[in-house]
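K.L.:
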């Protein structure tokens, strides 16, 4: 069907979509506490007592509305981490991210259960990172009620705890 | 779950998968797979009662692609559904087609999965899968080194890295036999030590060749009721069962400790329902959705309900090779070929080709009576599909 000599035209397009997401009263409270009080708040299921972090409206396993908010952190223990070398695009800006960077899942002090907080670690040297290291959330001076209100987690020098091992 | 009637796979079509199909647009590419599936089934578009169509729309950013693709799949005037469940889309299409025929609603259903990943940005698209309230800033597509870190922690760096790269080399050896496979490198065993050290890392110990490809391609399959299947096809592959396992609603679960993986949970359910007590020996071939060689390695243990280092030994001893105890991915798997909306369907299609003895150069040597195929997607979702050479005996009710 195709004539091999025919020029095959490829259209190049860039899609740029401004988006805004409602956070609702539960996630909204979590973000407000970060912004106004530099506090990390989890909530918990009244039935199975597990923590949700970030907070959730309902415990999907118990199908029960979540209850009390509890302050956790700002210190915790590295549960898992990824040192990212691939400069992927930031979907919020379209720009390539600066690599390497490290994402980290932190089991914050006070959390009972398995919910870790996902954020950045201020370290990319693989010889200096391991599971179980103690870390602390560093807050940004300028806070807007978003994930960026925490700048990153810093390793606490000399601080180790075997909880995650 | 009770099956009203049996469902046979009687038509299979795949495009040649490639990094660039700029010679055709989307409906033209889909048409290639649909035409091959119809030819395989000895059918025309008039024989199709219903069309299910799917891909992951975040990649090409085309809304309602099924409407555009009507000119490629012949769905005009026919009932149809569009499905999109991320990486599992292709397997979900199979489950839907099976359900539509088994229920008695339609006799012949055409399922079409496709992706033209070069028309969008794969990692950007998957990054937008993350929770928009907490995580888009952190997600790096489907790239993570956490599976690698876990295997290394359990078995030591040297053994773990060698086993993951050996898994990759075996998959490439299989892909070299599959004329539709996208990436065919010609890796050999002696290259493993160099590859372990020198292939560029993406995330942690997940390196470039470990990770699945970004492919353009389509797959089409035709599902028919038992009476139609037996009339039209000398050797249908029969749907035994399928199971879909998601985790709770949260996006943000990759870093959390799991009590049981969706792979092990799905396999346990499927085996219980179908009387499989020794999966390594009862199942003859497994087409696994292996997004990376690390995940593929790790999940052998989960899917076959193994303990300890049995899965590592299976790779080290080549028990997953073409003439091994349980050949895994004779097609070369997802690390070789990955047009995402088609990928999980290609697993089932390739498993069906093995059951039918129609896989050509990558047909396994032993007789295939029972074949397993898996899909993967979302926050570690699993779909498992079980196919058999003989039509299953229908039961009144399943436990």
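Residue numbers (the working numbering), protein chains in the order written: chain A, 19 to 183; chain B, 412 to 810. Note that CB positions come from ideal geometry on N, CA and C, so glycine has one too.
1) Taking one C-beta from the segment 530-549 of chain B and one from the segment 479-495 of chain B each time, how about it: are there three or more such pairs within less than 8 angstroms?
2) Can you tell me which of the three DSSP states residue 479 of chain B falls into?
3) Along the chain, where does the alpha helix (DSSP H) containing residue 569 of chain B start, and where does it finish?
4) Considering residue 704 of chain B, what are the terminal residues of the alpha helix (DSSP H) in which it resides?
5) Please classify residue 505 of chain B: does DSSP put it in a helix, a strand, or coil?
6) Determine the closest residue to residue 540 of chain B out of B:551, B:530 and B:752, with distance taken between C-alpha atoms.
7) Would you verify that the beta carbon of residue 554 of chain B is, or is not, closer than 8 angstroms to some beta carbon of chain A?
8) Is there a Cβ from chain A that is less than 8 angstroms from the Cβ of residue 810 of chain B?
9) Alpha carbon to alpha carbon, how far is residue 722 of chain B from residue 578 of chain B? Give it in angstroms, no decimals.
10) Leaving out five residues before and five after residue 674 of chain B in sequence, what residues of the same chain have Cβ atoms less than 6 angstroms from its Cβ?
11) Do you know offhand how far residue 563 of chain B's Cα is from residue 448 of chain B's?
12) So which residues on chain A does residue 615 of chain B lean against when the C-beta distance must stay under 9 angstroms?
13) Is residue 35 of chain A buried or exposed, if buried means 16 or more other CB atoms sit within 10 Å of its CB?
14) Expressed to the nearest angstrom, what Euclidean distance is found between the alpha-carbon atoms of residue 679 of chain B and residue 528 of chain B?
15) I'd like to check one pair, residue 493 of chain B with residue 474 of chain B: are the Cβ atoms closer than 8 angstroms?
16) Can you tell me whether residue 33 of chain A is helix, strand or coil according to DSSP?
17) Could you check the C-alpha separation between residue 587 of chain B and residue 757 of chain B for me, to the nearest Å?
18) Which of helix, strand or coil does DSSP assign to residue 733 of chain B?
19) Using 8 angstroms as the threshold, is the C-beta distance between residue 773 of chain B and residue 589 of chain B below it?
20) Is DSSP giving residue 39 of chain A helix, strand or coil here?
21) Going by the CB atoms, is the gap between residue 558 of chain B and residue 649 of chain B shorter than 8 angstroms?
22) Since residue 609 of chain B and residue 652 of chain B should fall inside the 8 angstroms C-beta cutoff, what is the C-beta to C-beta distance between them, to a whole number of angstroms?
23) What's the call for residue 126 of chain A, buried or exposed, on a 16-neighbour Cβ count within 10 Å?
24) Taking the alpha-carbon positions, what's the residue 595 of chain B to residue 97 of chain A distance?
25) Using CA coordinates, which residue listed in A:130, A:100 and A:109 is at the minimum distance from residue 531 of chain B?
26) Following the continuous alpha helix (DSSP H) through residue 604 of chain B, name the residue where it begins and the one where it ends.
27) Reducing DSSP to helix, strand and coil, say where residue 440 of chain B ends up.
28) Could you check the C-alpha separation between residue 165 of chain A and residue 151 of chain A for me, to the nearest Å?
29) Could you check if residue 431 of chain B is buried or exposed, using at least 16 other CB atoms within 10 Å of its CB as the buried criterion?
30) Residue 683 of chain B by DSSP, collapsed to three states: which one?
31) Mind listing the chain A neighbours of residue 387 of chain B? Cutoff is C-beta to C-beta under 8 angstroms, in chain order.
32) Short check: CB of residue 770 of chain B to CB of residue 738 of chain B, under 8 angstroms?
33) By the DSSP assignment, the beta strand (DSSP E) with residue 431 of chain B in it spans what residues?
34) Does DSSP put residue 123 of chain A in a helix, in a strand, or in coil?
35) Can you list, in chain order, the residues of its chain whose CB lies under 8 angstroms from that of residue 782 of chain B, leaving out five sequence neighbours each side?
36) Over what stretch of residues does the alpha helix (DSSP H) that includes residue 537 of chain B continue unbroken?
P.N.:
To lay it out plainly:
1) no
2) The residue given as residue 479 of chain B occupies position 68 in the second chain. If DSSP states are grouped into helix, strand and coil, residue 479 of chain B belongs with the helices.
3) Looking up residue 569 of chain B in the second chain gives position 158. First-last of the alpha helix (DSSP H) with residue 569 of chain B: 568-586.
4) Taking the first residue of the second chain as 1, we reach residue 704 of chain B at position 293. Residue 704 of chain B -> alpha helix (DSSP H) spans 704-714.
5) Here residue 505 of chain B refers to the residue found at position 94 when the second chain is read from its first residue. In this structure, residue 505 of chain B counts as helix in the three-state DSSP scheme.
6) Here residue 540 of chain B is taken as the residue at index 129 of the second chain, counted from 1. Nearest of B:551, B:530 and B:752 to residue 540 of chain B, Cα basis: B:551.
7) Residue 554 of chain B sits at position 143 when you count from the first residue of the second chain. It does; some Cβ of chain A falls within 8 angstroms.
8) Residue mapping note: residue 810 of chain B aligns to position 399 of the second chain, counting from 1. Any reading at residue 810 of chain B must be qualified, since the residue scores a pLDDT of 47, below 50, and its modelled position is unreliable; the value itself is stated next. Chain A contact via Cβ: absent.
9) As a first step, residue 578 of chain B is located in the second chain; it is residue number 167 there, counting from the start. As a first step, residue 722 of chain B is located in the second chain; it is residue number 311 there, counting from the start. Distance between the alpha carbons of residue 578 of chain B and residue 722 of chain B is about 11 angstroms.
10) As a working note, residue 674 of chain B is residue 263 in the second chain. For residue 674 of chain B, where only same-chain residues beyond five positions count, the Cβ hits under 6 angstroms are 710, 713, 714 and 793.
11) By one-based count along the second chain, residue 563 of chain B stands at place 152. By one-based count along the second chain, residue 448 of chain B stands at place 37. If you take the alpha carbons of residue 563 of chain B and residue 448 of chain B, they lie about 43 angstroms apart.
12) On the second chain, position 204 is the one that residue 615 of chain B refers to. Neighbours of residue 615 of chain B on chain A, chain order: 99, 100, 101, 102, 103 and 144.
13) Start at 1 with the first residue of the first chain, and residue 35 of chain A comes out as number 17. Residue 35 of chain A should be labelled exposed.
14) Residue 679 of chain B sits at position 268 when you count from the first residue of the second chain. Residue 528 of chain B sits at position 117 when you count from the first residue of the second chain. Rounded to whole angstroms, residue 679 of chain B to residue 528 of chain B spans 34 angstroms at the Cα level.
15) Residue numbering aside, residue 474 of chain B sits at position 63 when the second chain is read from its first letter. Residue numbering aside, residue 493 of chain B sits at position 82 when the second chain is read from its first letter. At a Cβ-Cβ threshold of 8 angstroms, residue 474 of chain B and residue 493 of chain B do not count as neighbours.
16) Walking along the first chain from the start, residue 33 of chain A turns up at place 15. Residue 33 of chain A sits in coil when the DSSP states are folded into three classes, being neither helix nor strand.
17) Residue numbering aside, residue 587 of chain B sits at position 176 when the second chain is read from its first letter. Residue numbering aside, residue 757 of chain B sits at position 346 when the second chain is read from its first letter. Looking at the two C-alpha atoms, the distance is approximately 17 angstroms.
18) Looking up residue 733 of chain B in the second chain gives position 322. Coil.
19) The sequence position of residue 773 of chain B within the second chain is 362, counting from 1. The sequence position of residue 589 of chain B within the second chain is 178, counting from 1. Yes; because the gap between Cβ atoms is below 8 angstroms, this pair is in contact.
20) As a working note, residue 39 of chain A is residue 21 in the first chain. Coil at residue 39 of chain A, not helix or strand.
21) Translated into the one-based positions of the second chain, residue 649 of chain B becomes position 238. Translated into the one-based positions of the second chain, residue 558 of chain B becomes position 147. For residue 649 of chain B and residue 558 of chain B, no; Cβs fall outside 8 angstroms.
22) Translated into positions along the second chain, residue 609 of chain B becomes position 198. Translated into positions along the second chain, residue 652 of chain B becomes position 241. About 44 angstroms; that fails the 8 angstroms criterion.
23) As a position in the first chain, residue 126 of chain A is number 108, starting the count at 1. Buried.
24) For the purposes of this step, residue 595 of chain B is identified with residue 184 of the second chain, where counting begins at 1. For the purposes of this step, residue 97 of chain A is identified with residue 79 of the first chain, where counting begins at 1. The straight-line gap from Cα to Cα measures roughly 37 angstroms.
25) One-based indexing of the second chain puts residue 531 of chain B at position 120. Of the listed residues, the one whose Cα sits closest to residue 531 of chain B is A:109.
26) One-based indexing of the second chain puts residue 604 of chain B at position 193. Here the alpha helix (DSSP H) through residue 604 of chain B covers 603-609.
27) By one-based count along the second chain, residue 440 of chain B stands at place 29. Of the three classes helix, strand and coil, the one that applies to residue 440 of chain B here is helix, per DSSP.
28) Looking up residue 165 of chain A in the first chain gives position 147. Looking up residue 151 of chain A in the first chain gives position 133. For residue 165 of chain A and residue 151 of chain A, the distance between alpha carbons rounds to 22 angstroms.
29) As a position in the second chain, residue 431 of chain B is number 20, starting the count at 1. Residue 431 of chain B should be labelled exposed.
30) The residue labelled residue 683 of chain B in the question sits at position 272 within the second chain. Helix.
31) Because chain B spans 412 through 810 in this model, residue 387 of chain B falls outside it and cannot be assessed.
32) Your numbering for residue 770 of chain B matches position 359 in the second chain. Your numbering for residue 738 of chain B matches position 327 in the second chain. No, Cβ-Cβ distance for residue 770 of chain B and residue 738 of chain B is not below 8 angstroms.
33) Counting from one through the second chain, the residue named residue 431 of chain B turns up at place 20. Neither: residue 431 of chain B is in no beta strand (DSSP E) and is coded neither H nor E.
34) For the purposes of this step, residue 123 of chain A is taken as residue 105 along the first chain, with counting starting at 1. Residue 123 of chain A: strand per DSSP, three-state reduction.
35) Indexing the second chain from 1 puts residue 782 of chain B at position 371. So the qualifying residues of the chain are 648, 694, 695, 696, 697, 698, 762, 763, 765, 766, 797, 798 and 799.
36) Residue mapping note: residue 537 of chain B aligns to position 126 of the second chain, counting from 1. Note, residue 537 of chain B: alpha helix (DSSP H), 533-538.
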